[in-house]
Each structure stands twice: as C-alpha cells, then as structure tokens.
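To start, the structure under review is shown below, and the notes come after it.
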Amino acid sequence: MQLHATDRDEDKKLFYHLHATQDPSSLALFRIDSISGNVIVAQRLDFEKTAQHILIVFVKDQGAPGKRNYAKIIVNVHDHNDHHPEFTAKIIQSKVPESAAIGSKLAEVRAIDRDSGHNAEIQYSIITGNVGSVFEIDSTFGIITLADSLNINKIQEYMLQVKAVDLGKPPLSSQIPVHIIVTMSENDPPKFSANNLAIEIFENLSIGSFISQVTARSSSSIFFNIISGNINESFRINPSTGVIVINNNIDYEINKVFNLTIKGTNMAAESACQNIIIHILDANDNVPHFLQTEYVGVLSESADIGSYVLKLHDSANHHLTLQVADADVGINGMFEYHINDDFAKQFFKIDSTTGAIELLRPLDYETDSEYFFDVTVSDMGKPKLPSQYQKHM
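Numbering (the UniProt record's numbering), first residue to last: 1 to 393.
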C-alpha cells in the first residue's frame, strides 16, 4: 500500500509518518517510508491475535511553519491456515460391553483449531485399527459409535487411530489414539471360546490323562460341569479350570464316540453350554486268538507241489484255513501267520494272510505219515500281539 498526498504550494516535497495506532502493539508491526509513502509490514502479522489494525498517519511539507494533515488507515488481516487441529486429550480410552447395541455411543474426540473460517472447520475419520469396520465416527462431531456386533472371543480390544483435518488449503491434520476395550456385563452368560469341539484319543490312555480344556469368558468366576453324554463316568472336569481328564477305563470295542455337554455357570447364575465330541481310536489291546485249539488236515502223498492242505473228513475238499478272531479293528485286526517248526517249513508254507497251508515239496507216506507243528498268528498293530496253536496234519 502506498500513501499519496498533494500540496498546492510551489515546494511540493512531502514526508509521510506513522503517528499512532489504535492498538499499541500495532506500532511495531508497521512502518512507513517517509519519502515514498509505502506502508511496510515490519513483522509477521497474526490473524488470531489481531484481525484488524487501525493506523493514524500524517503527511507534512517543508514549509515554515510546516503544514501537516492526518489520515486513518484500516488494515484487515486475512486468516492463513497456519495452525494444526489440536486434540483436547492425548489419548481416549473407553470400555464397551460386548452386548452393546449397534449405534451405541462409545467415545467422543474433540479438536480445536486456532485458525478461523474454513481453516478452523474440522472433519474426523478413523484411519487405522477399525478391524471389521466395527466402529464409525461422525465426521463433524467426532462421536464414535458401534457399527457392528462385538465378539469378545475374537477381539478383546481395539486401538483406533483417529484423524482430525481442517478445511484449509493446504489442509492440516493431527491424530489421536482411541483405545476401546470390550467387556462383559455382570448379567451376561459365560461365553465359551468355541461352540463345538471335536477331538480324538486312544482307548488305552491311563486314568487321569489330559483330554482337553474348555475356556469361557465372564465378568465373574465360572463353575464347569458335565451335564450329559458322560457314559460310565468315563471323564471328569475340573470345575474351576475346565480341564477334562480320563476318569474310567475306555474301551473302543464298547464305546467308539462320546458326545459331552459342558455347562458353565457364573456367579450371577447365568449359564451357557458347549458340546465336545470325543472320538475313541482303537489301540492294539486285544490278542488275536484261534477259533480252535487244534487244526487237523489231510493231504495225499501224490499231491502236486503247490497243492493246499484239505480239511479232514470234508467231502467237498475245502482248503484247511486257520480261523482267527481279533476284537481290534483296522491294522490292529489284520493278521499274519508263521510256521514255527524249521522241519515243517521244508515241506509247507502258510499264506500269511489267509492261513491256508501250501505244499512245497513232494511227500512220502512211508517216511512221514504225520506232521505236527505250531503256527503263530500275530496282528499287525504296534506292538504286534501273537498267539500260538498246534497244527496236526
């Protein structure tokens, strides 16, 4: 800005000066070039301190006596976006019950901006930590509300990062952490970590062996008990810890699966249940046994090599097979046979799967008319369990 004055005298040389200001602080902020009349800003202006400066200036000539005249200058300071939004707290913490209804108010953030106009208008947003978009924030008022149901078994606490940005150009912003903790109210029933659980155990586990552990959340301590499916009291549960152990011997051949229902009750007498399906795996705990104590077979001395020993007194000439039973299943109930006598092994071999006896070399009735030898049958479990019986041919 430049001041300009006129003088009708011949000597028209004029000088400009700052005489006074309405606010004393304005004196240090401005100066006037006495020759050109330029109004110069001497220091940085601050809109937030003083939005308007009123200066009183005068102009004088060089006459004697000198003549002067006064004028008022109004300097309006325009706001510049030079202040970041400032939150009124360093961190926001809030606790919310898991059962809170969608739309519930959880927390409120507030920031102020020392600028004015659009430069001081603030909008809020959640920029990180909003897992599953569970929360939403009012962009104008900074109110955080619940947008979806909470699940304390999945996430117990959230750490949101909320951003406040003004509408200046360029926009300036600040951030604040918001810590939200999910809780359970005193009247809420216990909440199990899983609705259903399926496990497998071997039947030969000893009494007291650990099976599993159920866990649940509640605002108070929980009492656990098995309310159904516990056939023959096969299992027991620690009422405080939820640890389940073997209580009685388990036999796969009797019960192959248990469907337990576990009940958890808190101090408010609220309860919830969880199902546990326990599949029993067969252990090799049964010895295979022959269905007869002795087997007798017959074979002609003229039989060809590879012929099978036949049943005695069987007009249909069926092969003699050593029949075996085993209460185990799977590989534990599969068999293999062995001839124990070394001499008999020279003449016969036994099919390790079917138990049929096959001729290896020619026979001579006049040399040996009878053969006695033991046969061992073993299952194929680990460890193998054997049985031994005599074969008479």
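Where a beta carbon is used, it is the ideal one built from N, C-alpha and C, also for glycine.
Given the structure is predicted, the values throughout are model-derived calculations rather than measurements.
Counting only the Cα atoms, Thr50 lies some 23 Å from Asp33. DSSP places Ala89 in no beta strand (DSSP E); its state is neither H nor E.
When C-beta atoms of the region 180-198 are compared with those of the region 228-236, fewer than three pairs fall below 8 Å, so the two segments do not count as touching. The beta carbon of Glu98 sits closer than 6 Å to the beta carbons of Leu150, Ile152, Val182, Met184 from its chain, once the five residues preceding and following it are set aside; these are given in chain order.
Judged by beta-carbon spacing, Phe235 lies within the 8 Å limit of Val245, meaning their Cβ atoms are closer than that value. Taking every protein chain shown into account, the CB of Gln22 has fewer than 16 other CB atoms within 10 angstroms, so this residue is exposed. Taking the Cα of Gly208 as reference, the smallest distance to any Cα among Val243, Ile222, Val178 is reached at Val243. For Phe343, the enclosing alpha helix (DSSP H) stretches over residues 342-345. The shortest CA-to-CA distance from Phe47 to any of Asp82, Ala28, Gln62, Leu146 is the one to Asp82. Runs of the beta strand (DSSP E) spanning 3 or more residues and lying entirely within the UniProt domain "Cadherin" (1-87) occur at 14-21, 30-32, 39-41, 52-61, 68-76, in chain order. Under the DSSP assignment, Lys154 falls outside any beta strand (DSSP E); it carries neither an H nor an E label. The secondary-structure analysis by DSSP pairs Arg217 across a beta bridge with Lys191.
For the 8 Å CB-CB criterion, Glu157 and Thr145 do not form a contact.
Between the region 87-106 and the region 52-68 there are fewer than three inter-stretch CB-CB distances shorter than 8 Å, so the stretches are not counted as touching. Counting along the chain, the unbroken beta strand (DSSP E) around Gln274 starts and ends at 271-281.
If you ignore the 5 residues before and after His53, its C-beta comes within less than 6 Å of the C-beta of Ser26, Val75, all in its own chain and listed in chain order.
Look at Ile254 here: in three-state DSSP terms it is coil, with no helix or strand label. With 16 or more neighbouring CB atoms inside 10 Å of its own CB, Ala216 falls in the buried class. The C-beta of Val41 has fewer than 16 other C-beta atoms within 10 Å across all chains shown, which makes the residue exposed. For Tyr252, the closest of Gln213, Ala327, Leu291 by C-alpha to C-alpha distance is Ala327.
Asp368 and Asp379 have their alpha carbons spaced roughly 32 Å apart. Pairwise C-beta distances place the region 117-128 out of contact with the region 65-72, as fewer than three of them are shorter than 8 Å. The Cβ atoms of Ala272 and Lys154 lie no closer than 8 Å to each other.
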